[in-house]
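**Student:** Numbering (my numbering), first residue to last: 4 to 313.
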Amino acid sequence: MLRIRRVQERIESEYMGDEMKTPVHLYIGQEAIASGVCAVLRDEDAVNGNHRGHGHYLAKGGDLKAMIAELFCRSTGCSKGFGGSMHLVDTAHGNMGTSAIVGGGIPIGTGQALAFQMRRLDRVSVVFFGDGAADEGTFYESVNFAMLKRLPVVYVMENNGWAVCSPTAARQCAENVFHRGADPELLFTARIDGNDPELVRAAAEKAVARARAGLGPSFIECATYRILGHAGCLQQDPKGYRDPAEVEAWRERCPVRTYRDRLLEGGLLDPSALDRMEAEIAAEIDAAFAFARTSPLPTADDLHTNLFRG
Ligand SMILES: Cc1ncc(C[n+]2csc(CCOP(=O)(O)OP(=O)(O)O)c2C)c(N)n1
Numbered sequence: 004m005l006r007i008r009r010v011q012e013r014i015e016s017e018y019m020g021d022e023m024k025t026p027v028h029l030y031i032g033q034e035a036i037a038s039g040v041c042a043v044l045r046d047e048d049a050v051n052g053n054h055r056g057h058g059h060y061l062a063k064g065g066d067l068k069a070m071i072a073e074l075f076c077r078s079t080g081c082s083k084g085f086g087g088s089m090h091l092v093d094t095a096h097g098n099m100g101t102s103a104i105v106g107g108g109i110p111i112g113t114g115q116a117l118a119f120q121m122r123r124l125d126r127v128s129v130v131f132f133g134d135g136a137a138d139e140g141t142f143y144e145s146v147n148f149a150m151l152k153r154l155p156v157v158y159v160m161e162n163n164g165w166a167v168c169s170p171t172a173a174r175q176c177a178e179n180v181f182h183r184g185a186d187p188e189l190l191f192t193a194r195i196d197g198n199d200p201e202l203v204r205a206a207a208e209k210a211v212a213r214a215r216a217g218l219g220p221s222f223i224e225c226a227t228y229r230i231l232g233h234a235g236c237l238q239q240d241p242k243g244y245r246d247p248a249e250v251e252a253w254r255e256r257c258p259v260r261t262y263r264d265r266l267l268e269g270g271l272l273d274p275s276a277l278d279r280m281e282a283e284i285a286a287e288i289d290a291a292f293a294f295a296r297t298s299p300l301p302t303a304d305d306l307h308t309n310l311f312r313g
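#1: Is Gly133 near ligand 1, with its Cβ less than 7 Å from a heavy atom?
#2: Have a look at Asn162 and Asp304 and give me their C-alpha separation to the nearest angstrom.
#3: With 16 other CB atoms within 10 Å as the buried threshold, where does Ser128 fall?
#4: What first and last residue would you give for the beta strand (DSSP E) that runs through Asp196?
#5: Give the C-beta separation of Gly87 and Thr25 to the nearest angstrom, bearing in mind that I take them to be a contact with Cβ-Cβ under 8 Å.
#6: Ignore the nearest five residues each way along the sequence and tell me which others in His54's own chain have a CB closer than 6 Å to its CB.
#7: When you compare only the Cα positions, how much space is there between Ala166 and Arg194?
#8: Using 10 angstroms around the beta-carbon of Ala282, count the other beta-carbons present and answer buried if the total reaches 16, otherwise exposed.
#9: From this set, Arg9, Pro247, Val203 and Gly217, which residue's C-alpha is nearest Ala226's C-alpha?
#10: In this structure, how does DSSP classify Pro258 when only helix, strand and coil are distinguished?
#11: Using a Cβ-Cβ cut-off of 8 Å, state whether Asp304 counts as contacting chain E.
#12: Take Leu117 as the anchor and find which of Tyr262, Gly39, Tyr60 and Val157 has the nearest alpha-carbon.
#13: Is it a yes or a no for the region 203-220 touching the region 231-246, going by three-plus beta-carbon pairs under 8 Å?
#14: Considering only heavy atoms of ligand 1, does any lie closer than 7 Å to the CB of Ile104?
#15: Which term fits Asp264, buried or exposed, when burial requires 16 or more other beta carbons within 10 angstroms of its beta carbon?
#16: I want to check one thing, is the minimum distance from the CB of Glu161 to the heavy atoms of ligand 1 below 7 Å?
#17: Determine, using beta carbons only, whether Met150 and Leu190 come nearer to each other than 8 Å.
#18: In or out: Ala206 buried (at least 16 other Cβ within 10 Å) or exposed?
#19: Let me check you understand the geometry: is the CB of Ala69 closer than 7 Å to at least one non-hydrogen atom of ligand 1?
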């Protein structure tokens, strides 16, 4: 969680320099979700993230240097500089890629679960998406199909209350996203505080065990908040669409700080170990940015590589 947070902060602080020629959707405030879920996954399990995908990619073991190089559009980037922030891929660690199409990853991750089942592989597919993606019809089609086929898939909805500038209440009738009425045999559901990494991990553990046992899909709704703007750095976020008191209240519930305090108070984390962690992370981030800056850009000759041709 700390590593994701510090990476996001560095990107935010350097974004106005305009070297990163890509929109970025930062994950600050939501770190407990990717971290808690990926803690129970194996390398060979698959993850599909979304446009706000840096946390998913890193928590699943994605290479930081290749991610930062991708933001700098360099040929050493994880999508060879062609994808940018919303297309992070590292299949060696099960990061199957993301789609900038809201809801686009849901059927893709469902299809991966179908492939795992058909090949009799002991693997689980996890899809991360926002409350906005849950407004898309493809979500309901995918969940229905996964229940029908009892697919090893875990749908993780990060409900941060907003889709760009639209609050959830303006887009969704009552609490229709949460499948309260669903038959728990067909779909395991959980609705949890997404800022508590232990709760997230516990729910993910149940869902993943159910998937591995061949019992079918799960849906976990994680309540959380995006602390920064929808895209770019904070100063680019339009003002006035959110109540500052709402942002402040969620800042108080910062998952990184509250969990750090819980570990320190419980004697589970030594302050000197925390300092070491901070230093290691800072050095790793410095190295990743230096790697990105000194990496070559793709050339004109690369323009037609990695494309499907008719
Ligand atoms: C199919 C589609 N519709 C609209 C958009 C524009 N768009 C990009 S992000 C976004 C909001 C997504 O909200 P949510 O899924 O809740 O994720 P969050 O940004 O809150 O993390 C929208 C509408 C898009 N990229 N794709």
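Ideal Cβ positions, reconstructed from N, Cα and C, are used throughout, including at glycine.
**Tutor:** Taking the coordinates as given:
#1: Locating residue 133 in the sequence shown gives position 130, counting from the first residue. Because some heavy atom of ligand 1 lies under 7 Å away, the Cβ of Gly133 counts as near it: yes.
#2: In the sequence shown, counting from the first residue as 1, residue 162 sits at position 159. In the sequence shown, counting from the first residue as 1, residue 304 sits at position 301. Distance between the alpha carbons of Asn162 and Asp304: 42 Å.
#3: For the purposes of this step, residue 128 is taken as the residue at position 125 of the sequence shown. Burial call: buried.
#4: Along the sequence shown, read from residue 1 onward, the residue named residue 196 stands at position 193. Phe191 to Asp196 is the extent of the beta strand (DSSP E) around Asp196.
#5: Residue 87 sits at position 84 when you count from the first residue of the sequence shown. Residue 25 sits at position 22 when you count from the first residue of the sequence shown. Right, the Cβ-Cβ distance comes to about 3 Å (below 8 Å), so this counts as a contact.
#6: The residue you call residue 54 lines up with position 51 of the sequence shown. Excluding sequence neighbours, His54 sits near His28, Met89 and Ala103.
#7: Position 163 of the sequence shown, counted from the first residue, corresponds to residue 166. Position 191 of the sequence shown, counted from the first residue, corresponds to residue 194. The straight-line gap from Cα to Cα measures roughly 19 Å.
#8: As a first step, residue 282 is located in the sequence shown; it is residue number 279 there, counting from the start. It is exposed - the Cβ of Ala282 has fewer than 16 other Cβ atoms within 10 Å.
#9: Residue mapping note: residue 226 aligns to position 223 of the sequence shown, counting from 1. Nearest of Arg9, Pro247, Val203 and Gly217 to Ala226, Cα basis: Val203.
#10: If you number the sequence shown from 1, residue 258 lands on position 255. Three-state result, Pro258: helix.
#11: The displayed structure is made up of one protein chain only, and chain E is not part of it.
#12: Indexing the sequence shown from 1 puts residue 117 at position 114. Checking every option, the nearest Cα to that of Leu117 belongs to Val157.
#13: no
#14: Position 101 of the sequence shown holds residue 104. Yes.
#15: Here residue 264 refers to the residue found at position 261 when the sequence shown is read from its first residue. With fewer than 16 other beta carbons inside 10 angstroms of its own, Asp264 counts as exposed.
#16: By one-based count along the sequence shown, residue 161 stands at place 158. Yes; taking the cut-off as 7 Å, the Cβ of Glu161 has a heavy atom of ligand 1 nearer than that.
#17: For this step, residue 150 is matched to residue 147 along the sequence shown. For this step, residue 190 is matched to residue 187 along the sequence shown. The answer is yes: Cβ separation under 8 Å.
#18: For the purposes of this step, residue 206 is taken as the residue at position 203 of the sequence shown. Buried, since its Cβ has 16 or more Cβ neighbours within 10 Å.
#19: As a position in the sequence shown, residue 69 is number 66, starting the count at 1. Checking every heavy atom of ligand 1 against the Cβ of Ala69, none is found closer than 7 Å.
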